[in-house]
Every structure is written in C-alpha cells, then in structure tokens.
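This report refers to the structure that appears directly beneath it.
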Amino acid sequence: MALSFRHLRSVLRQSLKLSNWSEFLRPPLSVRHATMTVRPPIGKQRKYRHQDLQIIHAEEFDPPVGRAPVIWKLITNLPVATHADAVHKLEWYALRWKIETFFRTLKTGCRIEEIRLATADRLANCIALCCVVAWRVSWLTMLSREAPEASPAAVFTEAERRMLEHATPGRRRQEPRNLEFYVRAVARLGGYLDRASDAPPGTTVIWRGFSRLADLVEGARIATPSPDTYG
C-alpha cells in the first residue's frame with residue numbers, strides 16, 4: 061500500500077538512546093506522517109468498523125560513518141494532525157527505554173514476580189515499596205549519565221558518602237567528588253570493574269551496590285552507638 065506522507069523534510073532533534081551501551085545522542089531526523097485506513101476482512105464489514113491509523117516515520121539523515129541510521133516507524137490510533145503532534149508521539153516513544161529499565165529493575169532487582177503474600181493489600185504495599193526502590197536505582201543510573209557533575213548531596217546521605225569514600229580507599233583523593241564519583245563507587249560495590257574501556261555502570265551493578273551499601277551503613281551505625289546508649 062502506497063502512502064502519501066506530509067512534511068517530507070521536517071527536521072526534529074530528539075534525544076535518543078540507541079542501545080543499552082550507547083551514549084545519549086541527538087541525531088537530526090526527517091519526520092513524516094500520514095493516515096492509513098484499515099478495513100475489516102471481507103464478510104465482517106458489517107460487524108466491525110474500519111480503523112484510521114496514523115503512521116509516523118522518522119529517519120536520520122546524514123548519519124555518521126560506521127553506524128546505521130536511526131529509523132523509527134510508528135503506528136498509533138492517537139490523533140496526529142500536525143507536525144507537532146508527530147513530534148509529541150515520538151517523544152513518548154523515546155521514553156520507552158527508561159520505562160523498560162525501570163521494570164527490568166523492578167523484576168530482576170526487587171524480584172517482584174517472586175513475592176508471595178497472603179492478601180492483596182499486603183502485596184500492593186510491597187509492590188509500592190519496591191517501585192520506590194526501583195525508581196531510585198533507575199533514576200540514579202540515568203542521572204549519573206546525564207548530569208555527572210551534579211551534587212551528590214541531592215542523592216546520597218552524609219553517612220552513605222562517608223562509607224563510599226572508605227570503601228574505595230584508592231580513590232579518596234580523587235577530585236572532584238561529584239555525583240559520578242559516588243555512583244561509580246556504588247557500582248564497584250556491586251561488581252563493576254570501572255576500567256577505562258567499560259561502559260557506564262548499569263542498573264544491575266548499581267542495585268547490587270546499593271544493597272551492600274545499605275548493609276555497610278547499618279553495620280557502621282550499630283558499631284558506633286550514640287552517647288545516649290549507656291545513659
């Protein structure tokens with residue numbers, strides 16, 4: 061079926077994550093959109109109505125040597141009347157990697173599918189708590205890549221920062237101690253090798269690192285009683 065696309069050369073620059081290991085890129089895309097009518101099979105046209113679907117085609121032009129161009133072909137039943145509508149739907153689609161990362165963390169890190177509780181209320185409360193944990197791990201993973209120079213105080217408590225500095229003695233004098241410094245320290249607790257050729261740490265090693273960090277901080281708290289402990 062041949063489609064007549066509108067906006068044959070509309071340029072959009074959209075942040076795209078091309079794979080789990082790549083950096084965030086902003087390739088120029090040629091965006092086109094059209095309407096396609098899908099009719100029911102012969103013999104069922106009285107029972108079912110036809111469907112008007114919107115086709116959005118985004119393709120990178122002038123890609124760098126050594127990498128295939130980005131090509132997205134989306135089909136939606138949501139309205140796409142203008143170029144701005146097409147861009148909006150592409151922005152939604154660009155969020156899929158972050159959403160998939162969150163649910164992967166929820167399943168593999170929190171092991172949400174293995175939870176067995178007696179009542180639905182208890183299960184709902186447990187899932188709500190696990191969602192907060194999975195969100196923090198996913199958010200921190202993305203934030204350390206997009207804003208590595210951010211202040212670690214916005215993410216880590218003072219006790220967590222001190223423990224991470226003690227847990228990586230060979231890097232205590234490394235400057236600056238920004239967000240990336242502490243995130244990599246967490247990842248190393250989770251098994252991240254942190255070699256020069258390694259990709260940025262992912263949610264798996266950060267999840268494992270946070271689990272160890274929580275135990276270390278709690279152990280330090282128990283081993284260092286407050287002055288009021290003995291009256």
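Heads up, the working numbering is the position in the sequence shown plus 60, with the first residue counted as 1.
For every residue, glycine included, the Cβ atom is placed at its ideal position computed from N, Cα and C.
Exercise for the section: Rank M96, W132, Y252 and T165 by C-alpha distance to the C-alpha of E151 and give the top, closest one. Expected result: W132
Exercise for the section: Within its chain, find whatever has a CB closer than 6 Å to the CB of V243; leave out the 5 residues flanking it on each side and keep chain order. Expected result: S204
Problem - P129, DSSP secondary structure in three states - result: coil
Practice task
Report yes if the C-beta distance between V91 and A146 is below 7 Å; otherwise report no.
Solution key: yes
Exercise for the section: Can you give me the Cβ contacts of T165 inside the same chain, cut-off strictly under 6 Å, excluding the 5 residues immediately before and after it? Expected result: A194, V197, S198 and T263
Exercise for the section: Tell me, please, whether the segment 244–253 touches the segment 261–280 by the rule of three or more beta-carbon pairs shorter than 8 Å. Expected result: yes
Exercise for the section: Apply the 10 Å Cβ neighbour rule to M223 and answer buried if 16 or more other Cβ atoms are within range, or exposed otherwise. Expected result: buried
Exercise for the section: Verify whether the separation of the beta carbon atoms of V58 and E220 is less than 7 Å. Expected result: Look at the range of the chain in this structure, 61 to 291, and you will see that residue 58 is not part of it.
Exercise for the section: Look up D112 in the DSSP assignment and give the residues it is bridged to. Expected result: T97
Problem - Status (buried if at least 16 other CB within 10 Å, exposed otherwise) for I107 - result: Just to set this straight, residue 107 is Lys in the shown sequence, not Ile. Per the 10 Å Cβ criterion, exposed.
Practice task
Tell me whether A141 sits in a helix, a strand or coil according to DSSP, three-state version.
Solution key: coil
Handout entry: For L294, the residue or residues it bridges with in DSSP
Key = Here the chain covers residues 61 to 291 and nothing more, so residue 294 does not appear.
Handout entry: Proximal residues to M61 (C-beta, below 6 Å), its chain only, five neighbours per side dropped
Key = Low confidence applies to M61: its pLDDT is 47, below 50, so where it sits in the model is not reliable enough to give any reading.
Exercise for the section: Please indicate yes or no: does the CB of R176 lie closer than 6 Å to some heavy atom of the ligand ZN? Expected result: Among the components of this structure there are no ligands whatsoever, and the ligand ZN is therefore not found.
Problem - P212 - DSSP class collapsed to helix/strand/coil - result: helix
Exercise for the section: Name the two residues that bound the continuous alpha helix (DSSP H) containing I266. Expected result: T263 to A283
Problem - Proximal residues to V265 (C-beta, below 6 Å), its chain only, five neighbours per side dropped - result: A247, G250, G251 and Y252
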